[in-house]
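Residue numbers (my numbering): 9 to 240. We put the beta carbon where it would ideally sit given N, CA and C, even for glycine. Fair warning: this is a prediction, and the values are worked out from it, not measured in the lab. Working notes, structure below.
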Ligand SMILES: [Zn+2]
């Protein structure tokens, strides 16, 4: 019985692996024409190199010495045939935290997904998966930031207990667990919540096997200095 079950599981696993491999090969084949690197060899192709490039770009931004955009018309023409972004950035919608500016990157460099408070939902996860599985992006960076309005709204709700209006309910529901976990800590509750929530989003992405091919990191953007720092 046990050996029959093992045999069944082995056969099932083999079939599953074959189907998955076939589906992946098909998907890659179909998408190759769409996502062919426009500048193969020029973009970082490892997670470590991608992170180095983002942090170097952020230092340029914070110092007020951005390099990009350079010749945007030439880049646009070159990228029209296909894209090869080297990082997925999941960040907040805050108008002061624009990933391409914060990391001093140009057209075609980053696949950016933005929701208030960088909360996850199925559309976000599907978008990350598109970047990792289809475009082969090696790095996912979750970017929280100082004085986040979505976090402030969540703390207001927890303090007052008043109902959250309309579609904001999802945002508050996603951020509230981090706020509750950090409420008793000394210091700035909002800052603790930003860090805990951003790290939680990172961990949730890391734990999802759909993103196993990528490295996932979390970082915090400082509105005052313009600097991004990685979260532990
Ligand atoms: Zn925000």
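- Task: Run the CB neighbour count on residue 218, radius 10 Å, all protein chains shown included, and call it buried at 16 or more, exposed below.
- Result: exposed
- Just grab the DSSP bridge partners of residue 94 for me. Beta-bridge pairing links residue 94 to no other residue.
- In the DSSP assignment, find the beta strand (DSSP E) that holds residue 121 and state where it starts and stops. 118 to 122
- Query: Rounded to a whole number of angstroms, what is the C-alpha to C-alpha distance between residue 22 and residue 92?
  - Reply: Caution applies to residue 22, whose pLDDT of 34 falls short of 50 and renders its modelled position unreliable; the value that the coordinates give is listed next. Cα to Cα, the separation comes out at about 32 Å.
- Task: Taking residue 223 as part of the beta strand (DSSP E), name the residues at either end of that continuous run.
- Result: 223 to 229
- Query: Among 165, 224, 97, 215, which has the Cα closest to the Cα of residue 198?
  - Reply: 165
- Query: Which same chain residues, not among the five before or five after residue 205, have their C-beta less than 6 Å away from its C-beta?
  - Reply: 183, 186
- Give the secondary structure of residue 169 by DSSP, where H, G and I count as helix, E and B as strand, and everything else as coil. coil
- Of the listed residues 172, 175, 99, nearest to residue 151 (C-alpha basis): 99
- Cβ separation of residue 238 and residue 227, assumed to be a contact under 8 Å, to the nearest whole Å: 5 Å
- Under three-state DSSP, which class holds residue 99? strand
- Task: Look at residue 96 and residue 136 and say whether their C-beta atoms are less than 8 Å apart.
- Result: yes
- Item | Per-residue DSSP class, three states only, for residue 174 | coil
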